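Q: Here it is, the structure in full.
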Ligand code: ATP
Ligand code: FE2
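Residue numbers (my numbering): 69 to 391.
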């Protein structure tokens, strides 16, 4: 069985093709970037419309298949920006109708989790989901991905992007901060805000915006501080839940320093650790296609009405029927 997955929740449009064993046959994407400043939602919609057909053709080409070889269409139903979400939703509906095959709208955060479970082979991990809008510590219990800890204000990726914008960097700022951080070893103290397994970043951002230190030192200190917070919260979750595996997934999981810190903590506790491969950490269509396969095989059916986009759909609202 082949599933084609379409992603367009925010800055990236992606089209991936996977089979029902979890082999990725194609994973084409394009991200709206800027020279400086953030991204405008309207510009993202224009970008996604422009690249939809190009990426679709490219994905079919890379996978060496014809449209008629596809058995299932999956797309990101939410959460995300209303306008960008509709690009994948309408593309997916049109394709499924034309090919007369089933359509499934899937949850974007759960797709980040499931692609990490696929690459790790973990059965019951604590999941540190770190991306643009979301930063959550998650564990599966009684048929749902329960959020046991999370940011009380902004997601870590959005925090890094906002801080980087202030330094004059363009979107996405997170990877550029990682590069600058490597050029310093000077730690300047920043607020360290954690309560149990919840944490917050906006106070750190306010403080950073007033500091006049060298950008490299600020980037280094920011990474050391926020990744220590995330490592501490993950360690507490592993201890409380008595789990033996830690999976880090989502766009910020591309960061090497975060992986190093989590790995050090896991080694000290005898925990297995997996950092999702960089090619699958940020938004892309393969993770959407893979979750589509899991849901479809478990019997998920959606009426056309149920495939309407949902801007605020949280991971913990999804019934995990495939486990
Ligand atoms: P969400 O999954 O919460 O809806 P999203 O889909 O907008 O968020 P992702 O593509 O999952 O975002 O992640 C994008 C974020 O990851 C951006 O904020 C970007 O700056 C950040 N990011 C990407 N690479 C790195 C890196 N190497 N270090 C730190 N942050 C990074
Ligand atoms: Fe994402």
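We put the beta carbon where it would ideally sit given N, CA and C, even for glycine.
From a predicted model like this one, the values you see are computed outputs, not experimental measurements.
Which of the three DSSP states, helix, strand or coil, is assigned to residue 216?
A: strand
Q: How would the residue list near the ligand FE2 read, in chain order, if you kept each one whose beta-carbon is closer than 5 Å to any heavy atom?
A: 199, 351
Q: Quick one: Cα of residue 312 to Cα of residue 132, how far?
A: Rounded to the nearest angstrom, the two C-alpha atoms are 40 Å apart.
Q: Just how far apart, CA to CA, sit residue 361 and residue 352?
A: 15 Å
Q: Taking the alpha-carbon positions, what's the residue 168 to residue 70 distance?
A: 14 Å
Q: If contacts are defined as beta-carbon pairs under 8 Å, then residue 223 and residue 201 qualify, I think. What distance do you get, rounded to the angstrom?
A: With a Cβ gap of about 5 Å, residue 223 and residue 201 count as contacting.
Q: Who are the Cβ neighbours of residue 380 in its own chain at under 6 Å, not counting the five residues just before and after it?
A: 147
Q: Which one of 139, 104, 181 has the shortest CA to CA distance from residue 350?
A: Among 139, 104, 181, the Cα nearest to that of residue 350 is on 181.
Q: Mind checking which residues open and close the alpha helix (DSSP H) that includes residue 126?
A: 109-131
Q: Rounded to whole angstroms, what's the CA-CA distance from residue 221 to residue 317? Just pull it up for me.
A: 20 Å
Q: When every heavy atom of the ligand ATP is checked, does at least one fall within less than 8 Å of the C-beta of residue 176?
A: At least one heavy atom of the ligand ATP lies less than 8 Å from the C-beta of residue 176.
Q: Can you name the start and end residues of the alpha helix (DSSP H) that residue 362 belongs to?
A: Going by DSSP, residue 362 is part of the alpha helix (DSSP H) stretching over 353-365.
Q: Using only the heavy atoms of the ligand ATP, determine whether one of them is closer than 8 Å to the beta carbon of residue 357.
A: no
Q: In terms of residue numbering, what span does the alpha helix (DSSP H) encompassing residue 77 cover?
A: First-last for residue 77: undefined, no H or E at that position.
Q: Assuming the contact rule is C-beta atoms closer than 8 Å, residue 188 and residue 315 should be a hit. Round their C-beta distance to whole Å, please.
A: 5 Å
Q: Go through the stretch 287-350 residue by residue and report every complete run of the beta strand (DSSP E) that reaches 3 residues or more, in order.
A: 313-317, 340-343
Q: With hydrogens ignored, establish whether the beta-carbon of residue 225 is closer than 8 Å to any heavy atom of the ligand ATP.
A: Taking 8 Å as the cut-off, one finds at least one heavy atom of the ligand ATP near enough to the beta carbon of residue 225.
Q: Report the partner residues of residue 87 according to the DSSP bridge assignment.
A: DSSP lists 70 as the beta-bridge partner residues of residue 87.
Q: Starting from residue 143 and walking both ways along the beta strand (DSSP E), at which residues does that stretch end?
A: Start and end: 140-146.
Q: Of the choices 387, 388, 383, whose alpha-carbon is the least far from that of residue 176?
A: 383
Q: Along the chain, where does the alpha helix (DSSP H) containing residue 247 start, and where does it finish?
A: For residue 247, the enclosing alpha helix (DSSP H) starts and ends at 241-249.
Q: Examine the ligand ATP and report whether any of its heavy atoms sits within less than 8 Å of the Cβ of residue 246.
A: yes
Q: Does the beta carbon of residue 345 fall short of 8 Å from some heavy atom of the ligand ATP?
A: no
Q: Hey, would you say the C-beta of residue 370 is under 8 Å away from at least one heavy atom of the ligand ATP?
A: no
Q: Which residue comes first and which comes last in the alpha helix (DSSP H) that contains residue 164?
A: 150-167
Q: I'd like to check one pair, residue 114 with residue 238: are the Cβ atoms closer than 9 Å?
A: no
Q: Rounded to the nearest angstrom, how far is the Cβ of residue 84 from that of residue 370, given a contact under 8 Å?
A: The Cβ separation is near 20 Å, so there is no contact.
Q: Are the CB atoms of residue 95 and residue 127 nearer to each other than 9 Å?
A: yes
Q: Helix, strand or coil for residue 278? Go by DSSP, reduced to three states.
A: Helix, per DSSP.
Q: Less than 9 Å between the C-beta atoms of residue 290 and residue 231, yes or no?
A: yes
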